[in-house]
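Comments concern the structure below.
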Amino acid sequence: MRITTCLSVLLLLAGHAVPCHTAEQATSERVAATITPFLDEQTVIVAHLDLVALNIDDAVAAIGALLGEHATTGIRPVSETAQRLKIAGPREAYYLLSVADMPKYPGMIVVPLLDGSDHSGVRAVLEATAMQPGFRVEQIDRAMISAAPETLTRLKTLSPVSRPHLATALAAVETAPLKIVFTPPEYFRKVIEETLPELPEVIGGGPSTTLTAGLQWVAVGIELAPQPQVRIVVQSESAEAAVALAKKFGETCELLRKNEKARADMPSIDVVMPLLMPTVEGDRVVLALNVENGRLPKLIQALTGK
Numbered sequence: 005m006r007i008t009t010c011l012s013v014l015l016l017l018a019g020h021a022v023p024c025h026t027a028e029q030a031t032s033e034r035v036a037a038t039i040t041p042f043l044d045e046q047t048v049i050v051a052h053l054d055l056v057a058l059n060i061d062d063a064v065a066a067i068g069a070l071l072g073e074h075a076t077t078g079i080r081p082v083s084e085t086a087q088r089l090k091i092a093g094p095r096e097a098y099y100l101l102s103v104a105d106m107p108k109y110p111g112m113i114v115v116p117l118l119d120g121s122d123h124s125g126v127r128a129v130l131e132a133t134a135m136q137p138g139f140r141v142e143q144i145d146r147a148m149i150s151a152a153p154e155t156l157t158r159l160k161t162l163s164p165v166s167r168p169h170l171a172t173a174l175a176a177v178e179t180a181p182l183k184i185v186f187t188p189p190e191y192f193r194k195v196i197e198e199t200l201p202e203l204p205e206v207i208g209g210g211p212s213t214t215l216t217a218g219l220q221w222v223a224v225g226i227e228l229a230p231q232p233q234v235r236i237v238v239q240s241e242s243a244e245a246a247v248a249l250a251k252k253f254g255e256t257c258e259l260l261r262k263n264e265k266a267r268a269d270m271p272s273i274d275v276v277m278p279l280l281m282p283t284v285e286g287d288r289v290v291l292a293l294n295v296e297n298g299r300l301p302k303l304i305q306a307l308t309g310k
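Residue numbers 5 to 310, in this note's numbering, belong to the letters of the sequence shown in order.
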């Protein structure tokens with residue numbers, strides 16, 4: 005299983021997670037604090053799945069309604085795995101990707117353990133769904149982790165590096181049961197600005213600070229019920245930086261629409277690109293894809309022809 009497969013599993017699990025405003029709700033602050041012990045300086049992706057109030061059958065049905073019944077064929081085995089994990093008792097699961105593991109390994113799965121949960125059951129589920137041959141499952145502190153042996157060894161001596169903005173990024177999509185945060189390490193900005201002072205001409209050129217100042221973190225929230233929706237939030241360092249990033253995105257989309265290879269690869273590009281145009285909200289760039297604004301069904305139809 006590759007990274008995309010891992011995120012597909014999380015997406016399925018998110019299918020019918022109902023936001024729950026109780027003391028057990030996975031608040032952004034608690035979620036960030038729970039995973040911080042496993043973050044290093046090079047962590048680039050943190051995905052969180054709230055397992056509370058899942059209905060796996062409805063999740064499969066929702067995906068079928070959204071993408072067509074043919075899409076449920078490959079999902080059924082995943083749904084069985086999801087049900088087993090839910091029965092074992094954990095309330096949440098995380099996916100982490102660190103540059104330290106790339107490109108050799110596709111990241112790790114972290115499942116926090118609770119008193120009374122079936123630890124051996126959680127282990128069995130993770131062993132059965134290893135992302136890559138050779139992955140092992142070990143308990144480290146109060147979490148069961150599926151990762152490469154090298155990664156597990158590194159975690160045991162890890163000096164955690166907190167990300168002060170992680171809770172804020174999670175809060176930007178807090179109602180979504182599946183949250184994915186892209187969190188560039190602090191050194192990324194310096195590396196990009198020193199090695200790539202000017203952006204490639206293929207995306208219109210210009211200073212790379214448009215990217216480094218415009219993108220501090222990205223949060224993606226995904227839910228399928230009661231209505232499918234995807235919300236993407238990009239945090240910029242200022243309102244001006246957000247405007248510049250959105251403008252550059254628009255320019256890049258226009259260049260792609262005029263590119264012969266891009267048009268050949270995506271015949272529906274004239275329909276797709278306008279649907280992906282974001283808005284600027286203060287110091288953030290936001291894209292909402294949902295049924296209410298019509299963008300999500302139009303995008304799926306344009307990409308799949310269905």
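Note that the Cβ used here is the ideal one computed from N, Cα and C, for glycine as well.
- For Leu159, the uninterrupted alpha helix (DSSP H) segment begins and ends at 153-160.
- The DSSP-derived three-state label of Phe192 is helix.
- The shortest CA-to-CA distance from Ile236 to any of Leu156, Leu280, Val56, Ala248 is the one to Leu280.
- Within the same chain, Ala92, Gly93, Pro94 come within 8 Å of Ser121 by CB-CB distance, once the 5 residues on both sides are set aside.
- Distance between His52 and Tyr98, taken at the CA atoms: about 5 Å.
- Within the same chain, Cβ atoms closer than 6 Å to the Cβ of Lys183 are found at His52, Leu174, Val177, Gly225, the five residues on either side in sequence being excluded.
- Note: Phe253 is not bridge-paired with any residue in the DSSP secondary-structure output.
- Bridge partners of Gln239 according to DSSP: Trp221, Arg288.
- A Cβ-Cβ distance of about 13 Å is found for the pair Val114 and Arg127, leaving them out of contact under the 8 Å criterion.
- In the structure shown, Ser102 falls within a strand segment according to DSSP collapsed to helix, strand and coil.
- Annotated three-state conformation of Leu89 is helix, per DSSP.
- Going by beta carbons, Ser240 and Val290 fall outside the 8 Å limit.
- In terms of CA proximity to Glu227, Asp54 leads the group Asp54, Glu45, Glu33, Val50.
- Lys302 and Leu215 have their C-alpha atoms roughly 28 Å apart.
- If you draw a straight line from the Cα of Ser272 to the Cα of Ala250, it is about 22 Å long.
- Judged by DSSP in its simplified three-state form, His52 adopts strand.
- In the structure shown, the three-state DSSP call for Gln231 is coil.
- By the 16-neighbour rule on beta-carbons within 10 angstroms, Pro168 is exposed.
- One thing to note: Glu45 has its Cβ no nearer than 8 Å to the Cβ of Val206.
- DSSP places Met135 in the coil class of the three-state scheme, outside both helix and strand.
- In the structure shown, the three-state DSSP call for Ala65 is helix.
- Arg158 and Tyr109 have their C-alpha atoms roughly 13 Å apart.
- If you draw a straight line from the Cα of Pro230 to the Cα of Leu203, it is about 41 Å long.
- Nearest C-alpha to Val247 among Val222, Thr155, Gly218: Gly218.
- Around the beta-carbon of Arg146, fewer than 16 other beta-carbon atoms lie within 10 Å, marking it exposed.
- The beta carbons of Lys262 and Gly210 sit about 17 Å from each other, so the pair does not count as a contact at 8 Å.
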